[in-house]
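Numbering (my numbering), first residue to last: 24 to 253.
Written as structure tokens, this is what we have:
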């Protein structure tokens with residue numbers, strides 16, 4: 024999806040440039056030839072075109088937790104945490120890394136001043152409390168030069184049928200007007216719930232589309248699905 028969007032955009036820009044460069048005394052090349060040439064060039068430079076133009080922003084418990092997770096923690100003992108050869112990772116982080124690898128995008132971890140307990144159930148309770156208070160935690164990580172990104176992939180967990188409050192802070196801090204915003208979420212049965220409509224309301228001038236919603240317990244086995252969705 025993301026690669027297709029970038030390729031179409033590049034082809035359109037190349038076609039416009041080719042037409043503008045034709046002088047009045049020269050016969051323009053047939054339109055189909057221009058399109059074929061643009062497609063060939065897009066295939067050759069597609070990876071480079073994706074580099075730097077896509078931001079993959081994610082919110083996960085790793086980096087937003089009070090203290091360290093206990094030894095032996097994994098997806099069985101604390102939902103949303105996976106243990107990999109590279110150490111502990113959150114579900115959203117794993118999805119974001121796969122997306123970034125496929126697109127050449129830049130990873131960005133959304134972290135805030137509002138931290139959560141290492142215990143999953145305690146985190147669930149605190150998330151509900153924070154939602155009831157409608158808090159907007161201050162972000163402790165910042166995106167440099169948001170304007171340079173044409174596509175923003177946003178990966179987040181569905182908490183109580185809603186966005187984590189730090190994701191609200193992110194969407195309200197950055198204007199994503201004119202950008203292609205693609206959503207991935209983890210859940211425990213409720214999929215996207217109303218989060219897609221919420222994001223469309225917060226970013227009315229962005230093009231917001233669904234990527235995948237993946238049950239938390241199935242994330243570790245979903246790499247191929249994530250990569251195939253891009």
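For each residue, glycine too, the CB sits at the ideal point set by N, CA and C. Keep in mind the model is a prediction, meaning the values are calculated, not measured.
Between which two residues does the beta strand (DSSP E) harbouring residue i extend?
i           : result
residue 206 : 203 to 210
residue 225 : That residue, residue 225, is in no beta strand (DSSP E); its alpha helix (DSSP H) goes 218 to 225.
residue 130 : 129 to 132
residue 80  : 77 to 81
residue 187 : Unbroken run through residue 187: none, as it is neither H nor E.
residue 178 : 174 to 180
Grouping DSSP H, G and I as helix and E and B as strand, with all else coil, what is residue i?
i           : result
residue 111 : strand
residue 135 : strand
residue 243 : helix
residue 197 : coil
residue 148 : helix
residue 74  : Residue placement at residue 74 is poorly supported in this model, since its pLDDT is 45, which falls under 50; the coordinates still yield a value, given next. Residue 74 falls in the coil class under three-state DSSP.
residue 228 : coil
residue 236 : strand
Determine the closest residue to residue i out of the options, with distance taken between C-alpha atoms.
i           : options               : result
residue 234 : 177, 224 and 136      : 177
residue 200 : 188, 191, 184 and 230 : 230
residue 159 : 135, 118, 172 and 179 : 135
Along the chain, where does the alpha helix (DSSP H) containing residue i start, and where does it finish?
i           : result
residue 250 : 246 to 251
Comparing the C-beta of residue i with each C-beta of chain D, is any distance below 8 Å?
i          : result
residue 84 : Here chain D cannot be found, since the structure has a single protein chain.
Tell me whether the beta-carbon of residue i lies closer than 8 Å to the beta-carbon of residue j.
i           : j           : result
residue 137 : residue 153 : yes
residue 166 : residue 143 : no
residue 80  : residue 180 : no
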